[in-house]
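Here the structure is laid out as C-alpha cells; the discussion comes afterwards.
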Amino acid sequence: SSNPAYQAIKSQKPDIVILDIMLPDMDGLELCKLLKSDKETADIPVIMLTAKSTEIDKIVGLELGADDYITKPFSIRELLARIKAILRRTKKKNCPEEEKHYKFNDFKIDFDKYNVEINNKPIRLTSKEFKLLTLLIKSEKKVLSRDFILDEIWKNEDDVFDRTVDVHIKNLRDKLGEYGKYIKTVRGIGYKWDTT
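Taking my numbering, the leading residue of the sequence shown gets 842, the next gets one more, and so forth.
Structure representation (C-alpha cells):
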C-alpha cells in the first residue's frame, strides 16, 4: 500500500500503534487490517480509538487484530494504563523465558549461576559488577543513563556518589580484558553494551 501512515509504521517499527478509526485518508480499520496481515508489522500491538461506542465497531476492530479498544472521550491516565498493560503482555509473549545464558565468541555468562567466563577461565566479579554487566547485556545496544543504572542497581543505598557508575564501569572493563571495549561510553548520557 502507498498509505503514508502504513509506510511510516513499517519503516520505523514503533513499540505500539494508537489508531483512530476515523482517519482522513484511510479507514482506521483498514489500516489495522493491513498492519496485522503484513508479517513485518503483525506483532506491533494496536490500540483503536473511536468516538463510536457501538459493539459492532469494537468487534470488527478486535477481529481484525486490534489488541485493545478505547472509546472517546477518555483520560490520558486510562490510555497510559492500557498502553502499559499491552506492552507488558507483548513483552512476555516475545520473551516467554528470559535468557539464562549469553555467549559472544569465547565470552560466556550464566545469569542464574552468576558465572562469567572468558576463554573457559572464570572472571571474578563483585555482585554489583555482575548486576551492572547483566543490565547492559540484557539491554544490548540500548543506551542506559547513569541515573537509570543507579536506580536499577543501587536503588536506595546511601553510599552512592556521582562517579559510582563510572568507577564500576572502569573496573568491569579492566576485568573483561579485550571484551571491555564492548561497554561503550555515550558522551553525556551513559553506557551501552554493543558488539557491532
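Backbone N, C-alpha and C fix where the C-beta goes; we use that ideal spot for every residue, glycine too.
**OP:** Using DSSP bridges, identify the partner residues of N956.
**Re:** D951
Subject >> 6 Å CB neighbourhood of D951 in its chain, flanking five on each side removed >> reply: H942
Original post:
How should L921 be labelled, buried or exposed, when 16 other C-beta atoms within 10 angstroms of its C-beta is the threshold for buried?
Top reply: exposed
Subject >> Delimiting residues of the alpha helix (DSSP H) encompassing K1011 >> reply: 1005 to 1017
**OP:** Given a cut-off of 8 Å, decide if S986 and G1031 are closer than it, judged by their beta-carbon atoms.
**Re:** yes
**OP:** Label E970 either buried or exposed according to how many other C-beta atoms from any shown protein chain fall within 10 Å of its C-beta, with 16 as the threshold for buried.
**Re:** buried
**OP:** Taking Y864 as part of the alpha helix (DSSP H), name the residues at either end of that continuous run.
**Re:** The question names Tyr, yet the displayed sequence has Leu at residue 864. Careful: L864 lies outside any alpha helix (DSSP H) and carries neither H nor E.
Original post:
Does the beta-carbon distance from L976 to E993 come in below 8 Å?
Top reply: yes
Original post:
Could you give the C-beta distance for M863 and N844, rounded to a whole number, given that I count them as a contact under 8 Å?
Top reply: That pair is no contact at about 15 Å.
Original post:
Can you give the beta carbon distance from I885 to K854, rounded, assuming they're within the 8 Å contact cut?
Top reply: 7 Å
Original post:
First and last residue of the alpha helix (DSSP H) that includes L973?
Top reply: 968 to 979
Original post:
How should Y955 be labelled, buried or exposed, when 16 other C-beta atoms within 10 angstroms of its C-beta is the threshold for buried?
Top reply: exposed
Subject >> Cβ neighbours of P963 in the same chain (closer than 8 Å, five flanking residues each side left out) >> reply: N956, V957
Original post:
In this structure, what does DSSP give as the bridge partners for W1034?
Top reply: I1024
Original post:
In this structure, does DSSP put A883 in helix, strand or coil?
Top reply: coil
Subject >> Beta-carbon contacts of N960 that lie in its chain and below 8 Å, excluding the five residues immediately before and after >> reply: D947
**OP:** Pick helix, strand or coil for E938, following the three-state DSSP scheme.
**Re:** Residue placement at E938 cannot be trusted, given a pLDDT of 49 that sits under 50; what the coordinates show is reported in the next sentence. Three-state result, E938: coil.
Original post:
What first and last residue would you give for the beta strand (DSSP E) that runs through D909?
Top reply: 909 to 912
Original post:
Should L905 and L860 be called a contact, given that it needs their Cβ atoms to be closer than 8 Å?
Top reply: no
Original post:
Out of curiosity, what's the CA-to-CA distance linking E1019 and D908?
Top reply: 45 Å
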